[in-house]
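S.K.: For the sequence shown, the numbering used here assigns the number 13 to the initial residue and increments by one for each residue that follows.
Backbone N, C-alpha and C define an ideal beta-carbon position, used for all residues, glycine too.
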Amino acid sequence: MEVDRRGESEESGDDETRRKGINGDVDPNQPTAASKEESPVDMDTITLDPEEEDVDLVHCRIGKIEGLEVLQKAKTLSLRQNLIKTIENLQSLSSLRELDLYDNQIRKLENLSNLRELELLDVSFNVLRKVENLEELTQLKKLFLLHNKIGTISNVDHLSSLEMLELGSNRIRVIENLDGLSSLQSLFLGTNKITKLQNLDSLHNLSVLSIQSNRITKIEGLQNLVNLKELYLSHNGIEVIEGLENNKKLTTLDIAANRVKKIENISHLTDLQEFWMNDNQIDNWSDLDELKNAKSLETVYLERNPLQKDPQYRRKIMLALPSVRQIDATFIRF
């Protein structure tokens, strides 16, 4: 469903797997590229350039990390879509800034302590069960752990430089242990088992929060997130729009596919540009008055609400909200 594509991080994964992770419809029995029956290659068959700074070893059927000591000038190393089971033999690559291990068979975060200059780590689409052994990675700015088997948020609160944390499509039930992430700007927790918005008070710099496809029933705990610009809450069990009094900088609000019957308590969101409210229970045209103060509002999604049964559906939205340029998936023609 199109509404979900904006919620999760778009920096980790290719287009197909990214859409699946965002929409939460990944089939756990469907093997990823790296888990299909393939025989690993010997690293001796792969030619490495000692002068290369950006090393790309994508889908090479590598089964074991070894023989990379010659890459002393490497700043980025991509080992995505291989057959790697263990993170090892990287200690000599102390100048690495980015390490990409997306789509392998890794079960544990380990042997990373020498990579103290690392700014980006992607271990998405593996089989990790917990976050650990990141104590020395104090320069880390982006951490992608999408689609693993992680049950709790832990061992990240020392990462004070972290700006983006992606934990979508895991088994997390509680938002916790984020107090030390004072630099965090984007937090992605979609497709987990979270029941409550909580323990976010210390994230004063957070501008993007995505918690789609969880078990949230109430909008709460966001009062300290005064710099929040994008909030994605689609596919939960929310019944009332509330708790956004202090989030006056919001430009995108996504509450699609919930149980909301009335658009309310958002007239103060004057910076709103996108409002996603499709697949709810909105049946009163006067509710659109809540959006009239948002003079920059360009996109409104209201399809599959009772309102859409009105034969004048699009015309009435255009009259009520003259700044809007897109209604549902269709742009307005002038």
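(1) In terms of residues, what are the limits of the beta strand (DSSP E) holding Tyr-244?
(2) Check this for me: beta carbons of Arg-345 and Glu-310, under 9 Å apart or not?
(3) Locate the alpha helix (DSSP H) running through Tyr-325, then write down its first and last residues.
(4) Less than 8 Å between C-beta atoms, sequence neighbours within five positions excluded: which residues of the same chain meet that for Arg-73?
(5) Quick one: measure Cβ to Cβ for Asp-191 and Ser-214, integer angstroms, because I've assumed they're closer than 8 Å.
(6) With distances taken between CB atoms, is the gap from Glu-64 to Lys-85 smaller than 9 Å?
(7) What's the call for Gly-75, buried or exposed, on a 16-neighbour Cβ count within 10 Å?
(8) Going by DSSP, what residues sit across from Lys-154 in a beta bridge?
(9) So what's Gln-235 in DSSP terms, helix, strand or just coil?
(10) In angstroms with no decimal places, state the Cα-to-Cα distance between His-216 and Ser-194.
(11) Which residue marks the beginning of the beta strand (DSSP E) containing Thr-203, and which one marks its end?
(12) Starting from Glu-50, trace the beta strand (DSSP E) in both directions and tell me its first and last residue.
(13) Helix, strand or coil for Thr-282 per DSSP?
(14) Would you please verify whether the beta carbon of Gln-285 is less than 9 Å from any beta carbon of chain B?
(15) Let me check understanding here. Comparing Cα to Cα, which of Ser-279, Asn-305 and Asn-296 lies closest to Leu-273?
(16) Within a Cβ cutoff of 6 Å, which residues of the same chain sit near Thr-126, ignoring the five residues on either side of it in sequence?
(17) Looking at C-alpha atoms only, which residue of Asn-305, Ala-269 and Ser-298 is the closest neighbour of Ile-278?
(18) Do Phe-156 and Ser-173 have their CB atoms nearer than 9 Å?
(19) Once DSSP output is grouped into helix, strand and coil, what is the label at Leu-319?
(20) So, helix, strand or coil for Ser-225, using DSSP?
(21) So, for Pro-62: in the same chain, excluding its five sequence neighbours on each side, which residues have a beta-carbon less than 8 Å away from its beta-carbon?
(22) So if DSSP puts Ile-74 in a beta bridge, which residue, or which two residues, is it bridged to?
(23) Between the alpha carbons of Asp-301 and Arg-271, how many angstroms are there, rounded?
(24) Starting from Leu-111, follow the beta strand (DSSP E) in both directions and report where the run begins and ends.
(25) Return the chain-ordered list of same chain residues with a C-beta closer than 8 Å to the C-beta of Asn-290, the five sequence neighbours on each side being excluded.
(26) Since Arg-185 and Ile-206 are thought to touch, with beta carbons under 8 Å apart, how far apart are those beta carbons, to the nearest angstrom?
(27) Rounded C-beta distance between Ile-228 and Ile-253? I'm assuming under 8 Å.
(28) Per DSSP, what kind of secondary structure is Asp-299 in: helix, strand or coil?
(29) Cutting at 6 Å between CB atoms, please list the residues of its own chain near Ser-90, excluding the five before and the five after it.
(30) Considering Cα atoms alone, identify which of Glu-251, Lys-153, Ser-219 and Leu-177 is closest to Asn-259.
(31) Leaving aside the five residues before and after Asn-211 along the sequence, list all residues of the same chain whose C-beta is less than 7 Å from its C-beta, in chain order.
(32) Please return the same chain residues whose Cβ sits closer than 6 Å to the Cβ of Met-176, not counting the five positions on each side in sequence.
M.R.: Let me spell this out:
(1) It spans 242 to 244 - the beta strand (DSSP E) in which Tyr-244 sits, taken as one unbroken run.
(2) Cβ distance not < 9 Å, so Arg-345 and Glu-310 don't count as in contact.
(3) Per DSSP, Tyr-325 is one residue of the alpha helix (DSSP H) stretching across 325 to 332.
(4) Within the same chain, Arg-73 has close Cβ partners Glu-50, Ser-51, Pro-52, Val-53, Asn-94 and Leu-95.
(5) Contact check for Asp-191 and Ser-214: beta-carbon distance about 5 Å, within the 8 Å limit, so the pair qualifies.
(6) A contact, by the Cβ cut-off of 9 Å.
(7) Gly-75 is classed as buried because its beta carbon has at least 16 other beta carbons within 10 Å across all chains shown.
(8) Residue pairing for Lys-154: DSSP places it in a beta bridge opposite Leu-132 and Met-176.
(9) The answer is coil: DSSP assigns Gln-235 none of H, G, I, E or B.
(10) His-216 and Ser-194: Cα-Cα distance of roughly 7 Å.
(11) From DSSP, Thr-203 is part of no beta strand (DSSP E); its letter is neither H nor E.
(12) Per DSSP, Glu-50 belongs to no beta strand (DSSP E) and is neither H nor E.
(13) Per DSSP, reduced to three states, the secondary structure at Thr-282 is coil, with no helix or strand assignment.
(14) Although the question refers to chain B, the structure presented lacks it and comprises just one protein chain.
(15) Reading off the sequence, residue 273 comes out as Lys, not Leu. Of Ser-279, Asn-305 and Asn-296, the residue nearest in Cα terms is Asn-296.
(16) The residue asked about is misnamed: residue 126 is Asn in this sequence, not Thr. Excluding sequence neighbours, Asn-126 sits near Gln-103 and Ser-106.
(17) Measuring from the Cα of Ile-278, the nearest candidate turns out to be Asn-305.
(18) The answer is no: Cβ separation not under 9 Å.
(19) Three-state DSSP puts Leu-319 in a helix.
(20) Secondary structure at Ser-225: coil, using DSSP grouped into helix, strand and coil.
(21) Correct list, in chain order: Val-82, Leu-83, Gln-84 and Lys-85.
(22) Per DSSP, Val-53.
(23) Their Cα atoms are separated by approximately 20 Å.
(24) From DSSP, the beta strand (DSSP E) with Leu-111 extends over 110 to 112.
(25) In the same chain as Asn-290, and ignoring 5 residues on each side of it, the C-beta atoms closer than 8 Å to its own belong to Val-15, Ala-268, Ala-269, Tyr-313, Leu-314, Glu-315, Arg-316, Asn-317 and Asp-340, in chain order.
(26) Contact flag correct, Cβ pair sits at about 6 Å.
(27) Beta-carbon to beta-carbon, Ile-228 and Ile-253 are separated by about 13 Å, too far to satisfy the 8 Å threshold.
(28) Note: Asp-299 maps to helix in three-state DSSP.
(29) Closer than 6 Å at Cβ, skipping near neighbours: Asp-68, Val-70 and Asp-112.
(30) Nearest C-alpha to Asn-259: Ser-219.
(31) The answer, listed in chain order, is Ile-187, Glu-188 and Leu-190.
(32) Around Met-176, the same chain offers Lys-154 and Ser-198 as residues with beta carbons nearer than 6 Å, after the five sequence neighbours per side are excluded.
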